[in-house]
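In the UniProt record's numbering, the protein residues as written are 1 to 488.
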């Protein structure tokens with residue numbers, strides 16, 4: 001590990017040493033099972049940096065896998081953006097316990113060089129993901145001051161929400177949705193049927209403490225959860241000098257699409273794009289992630305034009321080294337790309353900013369100007385007369401997987417075919433005083449080109465999409481749902 005700061009180096013070494021025996025043994029066991037099944041393809045594992053690595057390397061560098069789960073969704077975001085010619089996306093991956101938010105700009109994964117695990121710093125490139133304790137299983141309760149709270153405690157998968165009828169008795173966000181009618185009309189994955197009676201009972205206990213009725217409390221639970229998400233979305237956009245209205249929202253995970261319409265309206269966004277298989281989106285992302293290897297070298301020296309050739313020489317040497325490793329991993333040389341970054345700071349500062357270089361390294365001599373601009377973008381000011389210190393050189397090599405053609409769904413007319421409508425349900429939407437008769441569509445029966453209006457619910461095996469009154473949905477050629485406010 002060729003980076004400075006003794007404590008992060010030590011904590012990274014200790015964490016990796018603790019993980020290696022466990023992860024190595026597990027991966028070795030999985031490798032054996034794969035070979036026994038007759039599959040002889042390379043065994044790859046997702047990393048925290050948004051790319052895969054061969055299992056043998058992952059076993060040795062287990063610390064690089066710690067946040068690999070959410071990184072799959074981020075990799076899927078980049079692929080989805082390419083399919084729709086979108087380079088500005090905000091992904092919202094909502095599961096049962098937490099929500100992971102990732103902002104993509106310029107079509108590139110946002111990376112940070114360190115991560116914090118239980119207050120310990122880990123030196124490993126990681127996709128920049130903001131996580132909050134809000135999910136479908138988040139428990140709603142009244143605290144000692146009489147205020148409603150939702151999360152971060154979760155009912156998890158077992159016992160789960162009260163509506164699951166698996167022993168859970170505490171009200172959750174899922175139970176609130178069941179009370180309002182946004183879910184529960186159809187069986188979920190594995191034939192799971194939700195009990196509205198159990199959901200009402202659980203939410204009633206919270207309502208009694210608040211002095212409200214069940215419906216008011218359910219609306220409050222959903223609204224509070226959405227408020228948590230809105231705050232998190234603002235943190236990754238507005239608080240970084242970015243306008244969320246310039247981005248397309250991509251809700252995925254089992255519970256993300258449930259809140260698509262509410263987030264679209266409350267943030268005044270242009271559109272929300274629901275992937276074809278939102279509940280499987282992170283897994284699908286692994287198929288487009290490619291193989292990735294990172295390298296770094298700390299310098300801690302003032303920037304000098306006399307040293308430019310040495311910077312370029314280091315990057316060039318690492319390109320050759322990492323290319324050889326990726327080819328050994330089975331990647332074709334014409335599928336390899338590089339990202340080169342210099343971490344820099346004003347002389348005397350305690351922490352640095354990453355400055356991305358061009359793929360040809362022709363702009364290394366412009367490092368001061370690039371750093372000033374990065375500093376101004378993030379902090380609102382730059383000290384043009386202050387000397388620049390080069391802290392660390394970083395390079396990432398990406399070996400892209402063979403490109404596959406995206407499967408288009410069957411095309412249809414603007415009008416939705418009758419058999420795609422599988423029912424009607426009275427639904428209470430936050431912001432509306434009474435229940436509204438709402439159509440329920442079966443996602444698999446929708447055709448490319450179909451256009452339909454809210455209020456409606458789109459049901460599928462792995463997720464449920466809720467569209468508010470006054471919103472319109474267009475089914476894309478790839479089967480994704482594009483939701484916008486109806487301005488006609």
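Every residue, glycine too, gets a C-beta built ideally from N, C-alpha and C.
Could you tell me the alpha carbon to alpha carbon distance between residue i and residue j, rounded to whole angstroms?
i: residue 202; j: residue 218; result: 10 Å
i: residue 323; j: residue 335; result: 10 Å
i: residue 78; j: residue 358; result: 20 Å
i: residue 255; j: residue 473; result: 18 Å
i: residue 133; j: residue 327; result: 41 Å
i: residue 220; j: residue 386; result: 51 Å
i: residue 173; j: residue 200; result: 12 Å
i: residue 81; j: residue 205; result: 44 Å
i: residue 490; j: residue 243; result: Any property of residue 490 remains undetermined from this structure, which presents the chain solely from 1 to 488.
i: residue 96; j: residue 158; result: 11 Å
i: residue 427; j: residue 180; result: 6 Å
i: residue 412; j: residue 448; result: 6 Å
i: residue 435; j: residue 459; result: 19 Å
i: residue 18; j: residue 121; result: 15 Å
i: residue 279; j: residue 24; result: 29 Å
i: residue 374; j: residue 248; result: 24 Å
i: residue 229; j: residue 138; result: 13 Å
i: residue 366; j: residue 488; result: 49 Å
i: residue 84; j: residue 444; result: 20 Å
i: residue 271; j: residue 264; result: 7 Å
i: residue 401; j: residue 70; result: 20 Å
i: residue 111; j: residue 399; result: 17 Å
Are the C-beta atoms of residue i and some chain D residue less than 7 Å apart?
i: residue 26; result: The structure shown contains no chain D; it holds only a single protein chain.
Taking Cβ to Cβ, would you say residue i is nearer than 7 Å to residue j?
i: residue 480; j: residue 276; result: yes
i: residue 437; j: residue 424; result: yes
i: residue 109; j: residue 50; result: yes
i: residue 75; j: residue 285; result: yes
i: residue 48; j: residue 16; result: no
i: residue 489; j: residue 130; result: Outside the shown range of the chain (1 to 488) lies residue 489, about which nothing can therefore be said.
i: residue 457; j: residue 471; result: no
i: residue 225; j: residue 430; result: no
i: residue 73; j: residue 282; result: yes
i: residue 446; j: residue 420; result: yes
i: residue 397; j: residue 338; result: yes
i: residue 215; j: residue 196; result: no
i: residue 3; j: residue 296; result: yes
i: residue 93; j: residue 107; result: no
i: residue 155; j: residue 135; result: no
i: residue 466; j: residue 258; result: yes
Quick one: what does DSSP say residue i is sitting in, helix, strand or coil?
i: residue 182; result: coil
i: residue 485; result: strand
i: residue 75; result: helix
i: residue 63; result: helix
i: residue 57; result: helix
i: residue 120; result: strand
i: residue 125; result: strand
i: residue 333; result: helix
i: residue 437; result: strand
i: residue 10; result: helix
i: residue 346; result: strand
i: residue 294; result: strand
i: residue 480; result: coil
i: residue 420; result: helix
i: residue 308; result: helix
i: residue 319; result: helix
i: residue 288; result: coil
i: residue 155; result: coil
i: residue 340; result: strand
i: residue 445; result: helix
i: residue 70; result: helix
i: residue 327; result: helix
i: residue 251; result: strand
i: residue 256; result: helix
i: residue 115; result: strand
i: residue 471; result: strand
i: residue 80; result: helix
Exercise. Is it true that the segment 383-393 meets the segment 344-354, where meeting means three or more beta-carbon pairs spaced less than 8 Å apart?
Worked result: The answer is yes - the segment 344-354 touches the segment 383-393, with three or more Cβ pairs under 8 Å.
Problem set entry | 4-residue-minimum alpha helix (DSSP H) runs that sit fully inside the segment 355-416, ordered along the chain | DSSP runs (the alpha helix (DSSP H)) wholly in the segment 355-416: 367-379.
For this session: Kindly confirm or deny that the segment 287-294 and the segment 303-319 touch, where touching means at least three C-beta pairs closer than 8 Å.
Result: Pairwise C-beta distances place the segment 287-294 out of contact with the segment 303-319, as fewer than three of them are shorter than 8 Å.
Problem set entry | Stretch-stretch touch, CB-based, cutoff 8 Å, three pairs: the segment 8-21 with the segment 40-58 | The segment 8-21, when compared against the segment 40-58, does not touch it at the 8 Å Cβ threshold.
For this session: May I ask you to verify whether the segment 432-448 touches the segment 233-252, counting CB pairs closer than 8 Å and requiring at least 3?
Result: The segment 432-448 and the segment 233-252 do not touch, with fewer than 3 CB-CB distances between them shorter than 8 Å.
For this session: Determine contact between the segment 151-162 and the segment 122-131, defined as no fewer than three beta-carbon pairs at a distance below 8 Å.
Result: Not touching, per the Cβ criterion.
Exercise. Taking the runs of the alpha helix (DSSP H) that are 4 residues or longer, which of them lie wholly in the segment 259-284?
Worked result: Taking 4 residues as the minimum length, the alpha helix (DSSP H) runs contained wholly in the segment 259-284 are 260-266, in order along the chain.
Exercise. Which parts of the segment 13-53 are runs of the beta strand (DSSP E), unbroken and 3 residues or longer, counting only runs that do not cross its ends?
Worked result: 44-46, all fully within the segment 13-53.
For this session: Let me know the beta strand (DSSP E) ranges lying completely inside the segment 162-249, each 3 residues or longer, listed in chain order.
Result: With a minimum length of 3 residues, no continuous beta strand (DSSP E) run stays inside the segment 162-249.
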